[in-house]
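Visitor: Read in order, the letters of the sequence shown correspond to residues 67 to 131 in our numbering. All C-beta atoms in this analysis are idealised placements derived from N, C-alpha and C, irrespective of residue type, glycine included.
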Amino acid sequence: MRAGDEVPHPVGVGRIDRPVEQVRRPADSSGFGVETDEAVVRERAGDVNRHTPVRRHEDGSVAEW
Numbered sequence: 067m068r069a070g071d072e073v074p075h076p077v078g079v080g081r082i083d084r085p086v087e088q089v090r091r092p093a094d095s096s097g098f099g100v101e102t103d104e105a106v107v108r109e110r111a112g113d114v115n116r117h118t119p120v121r122r123h124e125d126g127s128v129a130e131w
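#1: Would you tell me roughly how many angstroms separate the C-alpha atoms of R110 and V120, rounded to the nearest one?
#2: What would DSSP say about R121, mapped onto helix, strand or coil?
#3: Below 7 angstroms CB to CB, which residues in the same chain sit around V128 once its five sequence neighbours on both sides are set aside?
#4: From the DSSP output, which residues share a beta bridge with V128?
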C-alpha cells in the first residue's frame, strides 16, 4: 500500500494522504491509543475478591446484562 491508495472506511472510501509508515501504529502499541499502567494491572490482578457486581430484580432473581 502506498500514499494515495484507497482504503476501506466505515462510511465510504477514504484516501491516505501520507506514507503508510506514518499511519501505522508501532508494534508495541495497544492499538487503541490508551496508556496502560502495568503496575496497577498487576496489583489489581492479585486481588482475588474482585468480581462483577450482581444486580437483582425486586423478586430476588438475578438480572442478566
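Guide: From the atom records:
#1: 20 angstroms
#2: coil
#3: V120, R122
#4: R122
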